[in-house]
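Asks: Handing you this structure, nothing more for now.
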Amino acid sequence: MTDEERFSLLISVMGTNATLTDKDPRIPEDVPMSAGYTPGIPRLGIPALLMSDASLGVTNPGYREGDTATALPASIALGASFNPELARRSGQMVGKEARSKGLNVQLAGGLNLHRDPRNGRNFEYLSEDPWLTGVLGAESVKGIQGEQVISTVKHFSLNCNETNRHWLDAIIDPAAHRESDLLAFEIAIERARPGSVMTGYNKVNGTYAGGNETLLQGILKGAWGFPGWVMSDWGATPSWDFALRGQDQESGVQIDVMMWGQETFPGPLREAYAAGDFPKERLSEMVQRILYAVFDVGTDRWEGTPDVDLAAHADIALETARQGIVLLKNDGVLPLDALSGSGGPLKIAVIGGHAQLGVPIGAGSSAVVPPGGYAESHTIGGPGIMGGMRNLYLLPSSPLAELQKLLPGAAIEYDPGMSPAEAALLARRSDVAVVFGIRVEGEGYDNADLSLPWGQDAVIEAVADANPATVVVLETGNPVAMPWLPKVRAVLAAWYPGQCGGQAIAEILTGDTNPSGKLPLTFPAGLDQTPRPELPGLGTPWGTPTTIHYNEGSDVGYRWFARTGQRPLFPFGHGLSYTRFDYAGLTVSDRDRVRAKFTVTNSGPRRGADVPQLYLLEDPAGARMRLLGFERVNLDAGESRTVSLDVDPRLLASYDTDRGQWHTPGGSYRVALGHAAGNYALEADVSLAEAWFGR
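In numbering that gives the first Met the number 0, the protein residues as written are 0 to 694.
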């Protein structure tokens with residue numbers, strides 16, 4: 000391989016997207032366009048790398064005219080399913096659709112933890128917990144790469160807010176970093192071997208993630224032995240010397256020119272190489288890492304184009320929505336099929352949220368155009384490089400139409416929810432009111448607060464005052480404030496539920512599907528309960544240097560609430576059902592690793608799914624809360640099942656930066672089995688010997 004060929008592999012060129020960049024002449028006309036293109040070397044059998052975003056399906060807006068893909072629910076909904084098998088199936092779906100389009104690198108596998116409920120990209124990430132995130136993320140990667148398509152986990156690391164993300168410095172204790180955000184990546188990488196890792200835009204402890212030698216060389220490639228390649232995010236390479244510190248490929252070269260005002264990587268890197276400032280050994284290593292992923296995953300061995308069954312893929316999207324919707328509250332008003340009308344057909348008011356048209360999606364690079372296109376779109380806009388992609392897109396799955404299908408004997412009327420008074424008039428003459436609350440969230444910006452926009456809280460309040468039998472369906476990417484909560488009878492968190500979301504919502508409202516989702520993040524009662532009631536940088540001009548101190552350390556989400564003794568609005572792991580589950584017989588033993596064993600019984604009237612959760616409550620040093628394990632269990636009414644959970648020893652340990660190892664103190668550990676964080680049914684103790692392990 001010549002040096003020229005080596006250098007050609009170290010960049011990707013961004014494809015056509017009218018909001019960001021024009022068609023680049025370096026991209027052949029016959030190449031299917033998307034986020035990035037790296038030329039191959041045909042004489043050596045090395046394929047070109049064709050990349051697309053894929054957090055929620057194979058993305059396509061602005062790239063390939065007329066092209067569509069299955070639009071999955073938001074990753075936060077997948078997190079709420081607590082279902083690793085479903086994560087693998089959704090990954091397989093993404094890999095198959097990508098391959099059918101000639102795309103062999105999927106920028107899928109968002110593993111950032113939910114550290115702040117205002118983060119605009121939380122909907123693209125799985126949860127606030129490293130074990131749940133790592134396990135589900137790994138299965139998604141396995142699914143994608145099983146189709147001989149490279150999966151990219153991202154954004155390494157602490158890209159946990161969008162405000163001034165290119166100029167954001169995330170400050171954290173290194174040990175706490177290993178025990179939280181980095182642990183999620185470590186688990187996913189060791190279980191699934193993704194071909195590539197994408198760095199974040201932000202700095203970590205003063206150094207950009209893409210050029211952070213401690214993170215990339217010391218931890219990722221050193222301690223963990225990651226053999227694949229490290230790519231930058233698009234527009235996240237301000238200097239060529241990132242190559243000396245661990246970055247192997249620059250992504251979207253034109254975006255770096257837009258961001259930093261000049262070419263920052265390929266030209267300067269060649270000049271440094273010619274001057275002897277960039278060693279050939281490092282150049283060769285960068286190329287070898289890329290080729291390792293290509294050959295390991297098998298993108299060089301494609302044979303033919305796979306058949307894509309869009310109906311089967313729609314079923315995966317539907318099942319993810321069903322399992323991800325969380326029933327937060329239910330005071331006897333749901334399911335609707337158990338209700339009867341007052342002197343005639345059941346009268347249902349459906350209000351707001353564009354429910355007559357479809358369901359919203361998150362904004363930004365994750366947006367997927369579904370078969371048939373969007374039902375409707377509205378431009379919102381905003382500052383910064385991503386402002387042009389901040390839009391309200393509605394997928395054509397109408398909750399109103401689906402309710403009408405499932406309840407043909409009911410009298411269902413719709414009000415757009417533009418006026419609290421008008422919505423209240425409809426609610427007053429109905430037996431039950433279903434109000435939809437939506438919020439547009441997305442890449443490039445954070446939410447200013449937790450409230451619903453456009454006066455929707457006032458609409459919900461007015462409807463609940465007019466009709467006590469009010470149900471609220473939230474379609475958001477984050478927790479929201481609920482000032483009206485005491486007045487309503489039921490609340491669903493439906494997230495961004497994907498192209499079949501309207502059907503899934505209607506099935507759960509009517510009782511055709513038994514809700515089984517569990518919260519993958521804590522819903523605070525208000526921002527004053529969070530580590531940062533005021534978000535640094537919020538409201539400042541785009542480009543303002545911003546510093547966030549993650550003083551909560553590894554106590555993210557439910558761990559923070561346990562540490563501070565606060566009671567959230569709804570806890571991590573919470574989720575109601577139309578049946579009941581009981582736990583019995585908890586035993587905890589320690590052989591090669593800690594194992595918990597117990598029995599789950601469906602003691603209610605109908606089939607359902609439960610997610611028993613095992614937590615650490617205390618270690619020898621005192622109170623210390625951690626999710627140790629979970630399992631999704633499907634049971635018929637009256638059925639019981641014995642469950643065993645093996646605990647990863649890192650979840651019981653602390654990381655010692657001086658020794659560079661995990662440490663489990665000897666002594667007694669108290670664990671609890673529960674329905675949610677803080678809602679425990681059984682507790683047990685286990686004694687462990689002191690241990691040092693890992694790197």
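Don't be surprised by glycine CBs; every beta carbon is placed ideally from N, CA and C.
Report the residue from G90, R114, W130 whose alpha carbon sits nearest the alpha carbon of I547.
Replies: Per the Cα distances, R114.
Asks: On the criterion of 16 or more Cβ atoms from any shown chain inside 10 Å, does H377 qualify as buried, or is it exposed?
Replies: Exposed, since its Cβ has fewer than 16 Cβ neighbours within 10 Å.
Asks: Contact between the segment 661-669 and the segment 625-642 is defined here as three or more beta-carbon pairs at a separation below 8 angstroms; is this criterion met?
Replies: No, because fewer than three Cβ pairs between the segment 661-669 and the segment 625-642 fall closer than 8 angstroms, the two stretches do not touch.
Asks: Does DSSP put L518 in a helix, in a strand, or in coil?
Replies: Note: L518 maps to coil in three-state DSSP.
Asks: Comparing alpha-carbon positions, which option in M230, I254, D255, V256 lies nearest R244?
Replies: Ranking M230, I254, D255, V256 by Cα distance to R244 puts M230 first.
Asks: Excluding the five sequence neighbours on either side, which residues of its own chain have a C-beta within less than 6 angstroms of the C-beta of L681, listed in chain order?
Replies: Taken in chain order, the residues that qualify are Y582, L585, L672.
Asks: What residue does the alpha helix (DSSP H) around H312 start on, and which one ends it?
Replies: Segment 309-323, the alpha helix (DSSP H) holding H312.
Asks: Mark G525 as exposed unless 16 or more other C-beta atoms lie within 10 angstroms of its C-beta, in which case mark it buried.
Replies: When all chains shown are included, G525 counts as exposed.
Asks: Which ranges does the alpha helix (DSSP H) cover as unbroken runs of at least 4 residues, wholly within the segment 232-294, from first to last along the chain?
Replies: Counting only runs of 4 or more, we get 252-259, 265-273.
Asks: Just curious, the beta strand (DSSP E) that G441 is in, first and last residue?
Replies: Run containing G441: none; DSSP gives neither H nor E here.
Asks: Could you compute how far the alpha carbon of A17 sits from the alpha carbon of L451?
Replies: Low local confidence applies: a pLDDT of 41 at A17 is under 50, so the model's placement there is unreliable, with the coordinate-based value given in what follows. If you take the alpha carbons of A17 and L451, they lie about 31 angstroms apart.
Asks: Once DSSP output is grouped into helix, strand and coil, what is the label at A17?
Replies: Note that A17 scores 41 on pLDDT, short of 50, meaning its location in the model is unreliable; the coordinates nonetheless yield the value given after this. Here A17 sits in coil by DSSP.
Asks: In whole angstroms, what is the alpha-carbon distance linking G251 and S195?
Replies: Going by the C-alpha atoms only, they are around 16 angstroms apart.
Asks: Put G454 into one of helix, strand or coil per three-state DSSP.
Replies: Of the three classes helix, strand and coil, the one that applies to G454 here is coil, per DSSP.
Asks: Tell me whether the beta-carbon of D430 lies closer than 8 angstroms to the beta-carbon of I347.
Replies: In this structure, I347 lies closer than 8 angstroms to D430 by Cβ.
Asks: Where does L449 fall in DSSP's three states?
Replies: In the structure shown, L449 sits in coil (DSSP, three-state: anything other than H, G, I, E or B).
Asks: For the beta strand (DSSP E) that H717 lies in, which residues bound it at each end?
Replies: Since the first residue of the chain shown is 0 and the last is 694, residue 717 is not available in this structure.
Asks: With a threshold of 16 other CB atoms inside 10 Å of the CB of N550, please say whether the residue is buried or exposed.
Replies: Label assigned to N550: exposed.
Asks: By Cβ distance, which residues of its chain are closer than 6 angstroms to Q216, with the 5 residues on each side in sequence left out?
Replies: Cβ within range, chain order: G245.
Asks: Among R281, A107, S653, which has the Cα closest to the Cα of A620?
Replies: Taking only the C-alpha atoms, the option nearest A620 is S653.
Asks: Between A465, L626, R281, which has its C-alpha nearest R488's C-alpha?
Replies: When only C-alpha atoms are compared, the closest one is A465.
Asks: For K328 and V433, I'd like the C-alpha separation in whole angstroms.
Replies: Taking the straight line from one Cα to the other gives about 14 angstroms.
Asks: Since V140 contacts A70 with CB under 8 angstroms, what's their CB separation in whole angstroms?
Replies: That pair is no contact at about 20 angstroms.
Asks: Please report the residue range of the beta strand (DSSP E) in which S99 lies.
Replies: Premise fails: S99 lies in the alpha helix (DSSP H), 83-99, not in any beta strand (DSSP E).
Asks: Have a look at V307, F241, Y291, G516 and flag the residue whose alpha-carbon is nearest the alpha-carbon of Y207.
Replies: Taking only the C-alpha atoms, the option nearest Y207 is F241.
Asks: Leaving out the 5 sequence neighbours to the left and right, which residues in its chain are closer than 6 angstroms to P267 when beta-carbon positions are compared?
Replies: Answer for P267: W239, listed in chain order.
Asks: Which runs of the alpha helix (DSSP H) spanning at least 4 residues fall entirely within the segment 116-144, listed in chain order?
Replies: Complete alpha helix (DSSP H) runs here, min 4: 129-144.
Asks: Answer yes if the segment 73-81 comes into contact with the segment 314-329, meaning at least three C-beta pairs across the two stretches below 8 angstroms, and no otherwise.
Replies: These segments touch.
Asks: Report the CB separation of I350 from V458 in whole angstroms; it is logged as a contact under 8 angstroms.
Replies: The pair is a contact, with the Cβ atoms about 7 angstroms apart (cut-off 8 angstroms).
Asks: Do P570 and N678 have their CB atoms nearer than 8 angstroms?
Replies: Yes, the Cβ-Cβ distance between P570 and N678 is below 8 angstroms.
Asks: What is the rounded straight-line gap between the Cα of L537 and the Cα of A683?
Replies: Taking the straight line from one Cα to the other gives about 44 angstroms.
Asks: Could you tell me the alpha carbon to alpha carbon distance between G119 and N446, rounded to whole angstroms?
Replies: Rounded to whole angstroms, G119 to N446 spans 6 angstroms at the Cα level.
Asks: Look up S74 in the DSSP assignment and say whether it is helix, strand or coil.
Replies: Looking at S74 - three-state DSSP - the assignment turns out to be helix.
Asks: Evaluate the contact criterion for the segment 499-512 versus the segment 331-343: three or more CB pairs, one atom per stretch, below 8 angstroms.
Replies: The segment 499-512, when compared against the segment 331-343, does touch it at the 8 angstroms Cβ threshold.
Asks: Measure the C-alpha to C-alpha separation of V555 and A461 and round it to an integer number of angstroms.
Replies: V555 and A461: Cα-Cα distance of roughly 35 angstroms.
Asks: What does the alpha-carbon distance come out to for the pair L534 and T162?
Replies: Going from the Cα of L534 to the Cα of T162 covers about 9 angstroms.
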